[in-house]
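Working notes, structure below.
Number of protein chains: 2
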Amino acid sequence: MNFSERQLAILNAIICDYIETAVPVGSRTIARKYMPDISSATIRNEMSDLEHMGLLIQPHTSAGRIPSQTAYRMYVNKIMEEHDFDDYKINHIEDDFVKLKGEMLQVVRNAAALINMNTNYTAIALTPQLRRTTLKRIQLIPVAKGLVLVVMVTDAARVKQKMINVPVNVNESLLDELSFVISKRFSGQAIADIDLNLLDGISDIKNEHPAFFESINNYIAEVVVKSDSSDVVLEGVKCIFDYPEYREVSHAKRFLNLLDSKELLQKILSDSTRKGTSVIISGGDSYRELEDFSVVTTSYKVGSRPIGAIGVIGPVRMDYSKVINVLEKTGKALSNVMTSYINE
Amino acid sequence: MNFSERQLAILNAIICDYIETAVPVGSRTIARKYMPDISSATIRNEMSDLEHMGLLIQPHTSAGRIPSQTAYRMYVNKIMEEHDFDDYKINHIEDDFVKLKGEMLQVVRNAAALINMNTNYTAIALTPQLRRTTLKRIQLIPVAKGLVLVVMVTDAARVKQKMINVPVNVNESLLDELSFVISKRFSGQAIADIDLNLLDGISDIKNEHPAFFESINNYIAEVVVKSDSSDVVLEGVKCIFDYPEYREVSHAKRFLNLLDSKELLQKILSDSTRKGTSVIISGGDSYRELEDFSVVTTSYKVGSRPIGAIGVIGPVRMDYSKVINVLEKTGKALSNVMTSYINE
DNA sequence: ATTAGCACTCTTGTCTTCCGAGTGCTAATG
DNA sequence: CATTAGCACTCGGAAGACAAGAGTGCTAAT
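Protein chains in written order, with the numbering used here: chain G, 1249 to 1592; chain L, 1249 to 1592.
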């Protein structure tokens, strides 16, 4: 489909105005606020054309028009202007982050809070994914009889812990020894590549406590394949009430339901970790659950290796330009912080 | 003040009906549904009296009446009947909990989810408070140059970690040694009693790395005095939309704001940890922020030592009877699980 | 191709009316 | 004296009527 310059300008004006006001916009508004040199009648004609092309929707005859999903998609892909949002807060992200010295979970949470504050949409984030990082150290800590806490520390300075059962006759010094051997052997390797069976000189441990050995190995394998829902961070849920599209309780409820399904968010963010910045409008082709919502995400990296993602979720009538700008800047800052830690 | 049997019965009926329906209840309703052997006129007279005593409120002349806060308080303290709620789910709590083998944070989260499911109010919980527990082990794990992860494990099988800065010249074996010495010296002692200065034979570490030594000691002290906001667990926030009192966005927003202020929730739950079961109606005397909300909480224990609390937050028009029942049963189950771990 | 003008449509807010639920009071009753 | 039947009164909410306003589409003029 082909569009004239003027059509695009009008569409742009309508989308911008609607994003700002949430009120269907009419031809006179456009003429007055955005293009005073052409008449409302002309704009009316163009709008009529745009409606026939499926870009505008009339809620009812005597109202203005609102952008269709297609229009939003087109806006994001082609029309939208770069919004340079250099607020003080964004400029100082890195400094703030650095103060948190290595508590990566906290850093990501802060990033989400920052995104939330600057966009006023609900921020979502995926903490650094262990499977995408390399091991720093494993420590086995006895907690109770037959219970051991496995703590994994990675190069993204993330920490993950889990209780596992062990045979009662495994003593503390054995745990310490095993911690030491595993850490030494696999330190610096990708978590995904860790296989305790590759350990040399531990055949006696393996033989004496096969179940124990198996549990630890299983746990490591588990971390590699699935990131659990606790990896998803939310910030600023209540923001949603600032938008008129959620004034009805049923809509608000649907939104909260969505946020409850961490698996979905985790999937979206994982995808984004791979793909970099992505904009999903009203669910796009892949997410039926997200109808009437938009999700914008971007990844953050250690060096050139993406390890997590941040984003926002909100109404389709979203200020995409601003959101993308804030996200990419925050993502860059986050990447810098992560990377500097690893290389320090 | 003195009340006749009948007055109490009528008050009880009004409160029960209003809790169920959220609609101001009139004299005829009471007569029909609850006391068919006296006439609505009689009830009308009694209701008028109850209103003058400050127990009932008329939203407007031609509506029924709703209970006042005083009435709710009285209801909870004197009138309310024991509600025996022995649903399958509650009966099987302990089994479910035991499956989680020692992941206390997860156990508490599950308890909250269970409370939420069974009451349909938003559940809040305080994870086992470290200052109320005794130390099992401390482990110092190097994460990056100049950064060390301190992991504390306690007898409630809770784990707390924090990054701290260390001088670059502290090496791994020193950390291991220190972990070992601290754990050995203080294992079994209340966290509150730990003071690294009491350690013998570490004067060389202390002299060589005073800043490092100080950070660790500070961290332990910090854990003792303040429990951070991450200790508060929420479950089932969206439930609030099931209640008509939050149909207006502004009310819902206030609720979410409340849940965001973790310090407040933490304070309430900490208080409850000390006091056992407590019911705060519309903020009571102490919490002005909680106006128009009710919070019911109870503590859970290790043996006879309370270490945390669980509760719900919701509208003043709350089914106190059911809530208290569910909370106390869950609290008991939780206590059993915690206790059995410690003593095993 | 653009635009002025106008009739038409449809929502929104306001006003009125009406109904019903509920009350308070009075007088009758056991 | 407590209880109750009866009735007038009050008020909120729903339904309908109406005007105002915003916006459109179409036609005819430029």
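We treat Cβ as the ideally placed atom computed from N, Cα and C, and that holds for glycine.
None of the values given here were measured: they were computed from a predicted structure.
By Cβ distance, which residues of its chain are closer than 8 Å to Asp1448 (chain G), with the 5 residues on each side in sequence left out?
Shown here for Asp1448 (chain G): same chain residues with a beta carbon closer than 8 Å to its own, the five before and five after excluded, namely Arg1433 in chain order.
Would a C-beta distance cut-off of 9 Å place Ser1520 (chain G) and Tyr1320 (chain G) closer than the cut-off?
Their beta carbons are not under 9 Å apart, which means Ser1520 (chain G) does not touch Tyr1320 (chain G) by this criterion.
Chain G contact for Asn1505 (chain L) (CB, 9 Å cutoff):
Contact of Asn1505 (chain L) with chain G is assigned, a C-beta pair being separated by under 9 Å.
Under a three-way DSSP split, which group does Gln1306 (chain L) fall into?
The answer is coil: DSSP assigns Gln1306 (chain L) none of H, G, I, E or B.
Start-end ranges of the beta strand (DSSP E) lying completely within the stretch 1425-1499 of chain G, minimum 3 residues
For the stretch 1425-1499 of chain G, whole beta strand (DSSP E) runs of length 3 or above, ordered along the chain, are 1480-1483.
Test: Gln1377 (chain G) CB closer than 9 Å to a CB of chain L
Chain L contact via Cβ: absent.
Return no unless some Cβ of chain G is closer than 9 Å to the Cβ of Val1481 (chain L).
Residue contact check for Val1481 (chain L) against chain G: no CB pair falls below 9 Å.
Ile1561 (chain L) by DSSP, collapsed to three states: which one?
When secondary structure is reduced to three states using DSSP, Ile1561 (chain L) falls in the strand class.
Helix, strand or coil at Arg1406 (chain G) according to DSSP, with G and I counted as helix
Assigned with DSSP and collapsed to three states, Arg1406 (chain G) falls in coil, not helix or strand.
Skipping 5 residues on each side, what residues in its chain have a beta carbon closer than 8 Å to that of Asn1250 (chain L)?
So no residue of the chain qualifies.
DSSP three-state call for Ser1287 (chain L): helix, strand or coil?
In the structure shown, Ser1287 (chain L) sits in coil (DSSP, three-state: anything other than H, G, I, E or B).
Could you tell me how far apart the beta carbons of Val1216 (chain L) and Ser1542 (chain L) are, in whole angstroms, since I believe they sit closer than 8 Å?
An answer regarding residue 1216 (chain L) cannot be provided, because it is not within the stretch 1249 to 1592 covered by chain L.
Is there a C-beta anywhere in chain L that falls below 9 Å from the one on Val1429 (chain G)?
It does not: the Cβ of Val1429 (chain G) has no partner Cβ on chain L nearer than 9 Å.
Beta-carbon gap between Lys1384 (chain G) and Ser1463 (chain G) smaller than 9 Å:
Result no, Cβ atoms of Lys1384 (chain G) and Ser1463 (chain G) do not sit closer than 9 Å.
Grab the span of the alpha helix (DSSP H) containing Thr1521 (chain G) for me, first residue to last.
Segment 1510-1523, the alpha helix (DSSP H) holding Thr1521 (chain G).
List the residues of chain G whose Cβ lies closer than 8 Å to the Cβ of Arg1565 (chain L), in chain order.
Within chain G, not a single residue places a beta-carbon under 8 Å from that of Arg1565 (chain L); the smallest gap is close to 17 Å.
Does the stretch 1255-1264 of chain L come within contact of the stretch 1355-1375 of chain G, defined as at least 3 CB pairs closer than 8 Å?
These segments do not touch.
Under a Cβ-count criterion, where at least 16 other Cβ atoms within 10 Å of its own Cβ denotes burial, should Glu1294 (chain G) be classed as buried or exposed?
Glu1294 (chain G) counts as buried, since at least 16 other C-beta atoms from the protein chains shown sit within 10 angstroms of its C-beta.
Leaving out the 5 sequence neighbours to the left and right, which residues in its chain are closer than 7 Å to Leu1374 (chain G) when beta-carbon positions are compared?
Around Leu1374 (chain G), the same chain offers Asp1479, Val1480, Gln1514, Leu1517, Ser1518, Thr1521, Gly1556, Ala1557 as residues with beta carbons nearer than 7 Å, after the five sequence neighbours per side are excluded.
Return no unless some Cβ of chain L is closer than 9 Å to the Cβ of Tyr1369 (chain G).
Taking Cβ atoms only, chain L never reaches closer than 9 Å to Tyr1369 (chain G), which makes this a no.
Pairwise C-alpha distance: Gly1532 (chain L) and Ile1291 (chain L):
Distance between Ile1291 (chain L) and Gly1532 (chain L), taken at the CA atoms: about 30 Å.
Since Leu1397 (chain G) sits in a beta bridge, which residues does DSSP pair it with?
DSSP, once it has assigned bridges, lists G:Ile1389, G:Met1411 as partnering Leu1397 (chain G).
For chain G, check one thing: does any of its Cβ atoms lie closer than 9 Å to the Cβ of Ala1392 (chain L)?
So yes, Ala1392 (chain L) belongs to the interface.
Quick check on Phe1434 (chain G) - is its C-beta less than 9 Å from some C-beta in chain L?
Cβ-Cβ to chain L under 9 Å: no for Phe1434 (chain G).
Comparing C-alpha positions only, which one of G:Asn1366, G:Asp1490, G:Val1418, G:Ile1442 sits nearest to Asn1455 (chain G)?
Of G:Asn1366, G:Asp1490, G:Val1418, G:Ile1442, the residue nearest in Cα terms is G:Val1418.
If the cut is a Cβ gap below 7 Å, which residues of chain L does Val1401 (chain G) touch?
Among the residues of chain L, those whose CB is under 7 Å from the CB of Val1401 (chain G) are Ile1389, Val1391, Leu1397, following chain order.
Between Ile1442 (chain G) and the rest of its own chain, which residues show a CB-CB distance below 6 Å, the 5 nearest in sequence each way excluded?
These residues qualify, in order along the chain: Phe1434, Ile1468.
What separation, rounded to the nearest whole angstrom, lies between the Cα atoms of Gly1274 (chain G) and Ala1261 (chain G)?
When only Cα atoms are considered, Gly1274 (chain G) and Ala1261 (chain G) end up about 11 Å apart.
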